[in-house]
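Our numbering numbers the first residue of the sequence shown as 4 and each following residue consecutively.
The C-beta atom is built at its ideal place from N, Cα and C for all residues, glycine as well.
Below is one structure, written out as structure tokens; comments come after it.
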Amino acid sequence: MNIILILRHTYPGLKGCLALVVCLCISCSAPKVVVGDQKLNENDPWKMRESILSNGMQLLGTPYKRAGKNTDGFDCSGLVQFLFSKTGLSIGPSSRDQINKGTEIDLDAAKPGDLIFFGTKNQVSHVGLICSNKKNELYIIHSTSSKGVIHENILASDYWLRKILRINQFESYLPENLLTQH
């Protein structure tokens, strides 16, 4: 016997319709995002980059939340901190901590998993995670106050393009012992 017949038999009339609607709403509600942990025992920086990017893509559509650091909502630095922590990396809670901990690289050397920082006059105000870097395309995952966690080509946006401060290499956030293995 399926759930519809059970509800119609148990709750005839309007109560049955209401019970059915409630049941359908519960079963169709969006599931909580479950992001995988891939700790440092992986010992492969490229696999760690892939894990961070994969987890980031799973979080697309998560709402913006000021000072948010979990799947209920993220600000930009909270998103990056959360994604890195899933691979066992500690990079600090604020974009200021995150920019200071890493090593700067040129835009043309940027790879998926590197961090990009934005701001004005050397004052960092935003951070994102690079997904791809091709001619005329620099896709990042970041959390914006207006759209939440999104995937965006920032080279197509004058707003973001003129605010790029620097790019930090992913490997600069890895512990020394992991770097010496590769």
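- As computed with DSSP, tyrosine 67 is found in a beta bridge with Phe77.
- Per DSSP, arginine 99 is one residue of the alpha helix (DSSP H) stretching across 98–104.
- Under the 10 Å beta carbon count, glycine 64 is surrounded by fewer than 16 other beta carbons and is classified as exposed.
- It is roughly 11 Å from the alpha-carbon of arginine 165 to the alpha-carbon of lysine 124.
- When secondary structure is reduced to three states using DSSP, isoleucine 55 falls in the helix class.
- Here alanine 159 is exposed, its C-beta having fewer than 16 other C-beta atoms within 10 Å.
- Taking C-beta atoms as the reference points, isoleucine 143 and glycine 131 count as a pair closer than 8 Å.
- Threonine 106 places its beta carbon less than 8 Å from that of glutamine 172.
- In this structure, DSSP gives isoleucine 153 an extended state, which the three-state scheme calls strand.
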